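These notes are about the structure you will find just below.
Residue numbers (mature numbering (1 follows the signal peptide of the UniProt record, and there is no 0)): -22 to -1, 1 to 164.
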């Protein structure tokens, strides 16, 4: 039994010694490892800690600006075609500097009316990120909806990312989208 206690006591002493070295050894000049860190990690370098984007940030719903929900061609009693917004999505990711990175998605559907014909239809999408009357970013994109022969509709999706909202406006901004170039500026 005495022999077994000596082994346990020796292991406990070794663990305490390594722990003491790890906690007490000053880091070496130039950001290298101390003796305790080398003993604990086997000399392997640890990856530097990276700042992660923040997921829990303010992210307002996407609104459609006045007059921007649909575009019609032809007269109102017999439209040849109509393009209308179907679905909207947004994603906001907080950044380490307090700014917010915004991504906006717009799905639009082109529909043929009684006088319409198959073909390609231009879908102009405008995205405006603002805070009150101050426009932070405005992006205009054009997609093409191709309605095949014998078809009556086509769906297109526009995704705009990389919109940066400064930290000072990260809790008060708005997102507006619409078809055409008639977005409100203020």
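Beta carbons are placed, not taken as given, at the ideal position from N, Cα and C, and that holds for glycine. Model, not experiment: these values are computed from the prediction.
Alpha-carbon spacing of residue i relative to residue j, whole angstroms
i, j, result
"residue 112", "residue 42", "18 angstroms"
"residue 62", "residue 124", "14 angstroms"
"residue 154", "residue 92", "31 angstroms"
"residue 72", "residue 145", "9 angstroms"
"residue 157", "residue 78", "25 angstroms"
"residue 121", "residue 98", "10 angstroms"
"residue 168", "residue 49", "No answer is possible for residue 168: it lies beyond the span of the chain, which begins at -22 and ends at 164."
"residue 143", "residue 85", "23 angstroms"
Residues that residue i bridges to, as DSSP identifies them
i, result
"residue 118", "104"
"residue 147", "The partner list for residue 147 (beta bridge, DSSP) is empty, contrary to what the question assumes."
"residue 53", "56"
"residue 109", "112"
"residue 85", "65 and 135"
"residue 155", "42 and 105"
Residue i, DSSP secondary structure in three states
i, result
"residue 3", "Residue confidence for residue 3 is low, a pLDDT of 45 falling below 50, so the modelled location carries little weight and cannot support an answer."
"residue 78", "strand"
"residue 40", "strand"
"residue 97", "strand"
"residue 140", "strand"
"residue 123", "strand"
Residue i burial status per 10 Å Cβ neighbour count (16 or more: buried)
i, result
"residue 131", "exposed"
"residue 137", "exposed"
"residue 127", "exposed"
"residue 59", "buried"
"residue 140", "exposed"
"residue 67", "exposed"
8 angstroms Cβ cutoff, residue i in contact with chain C
i, result
"residue 65", "The structure shown contains no chain C; it holds only a single protein chain."
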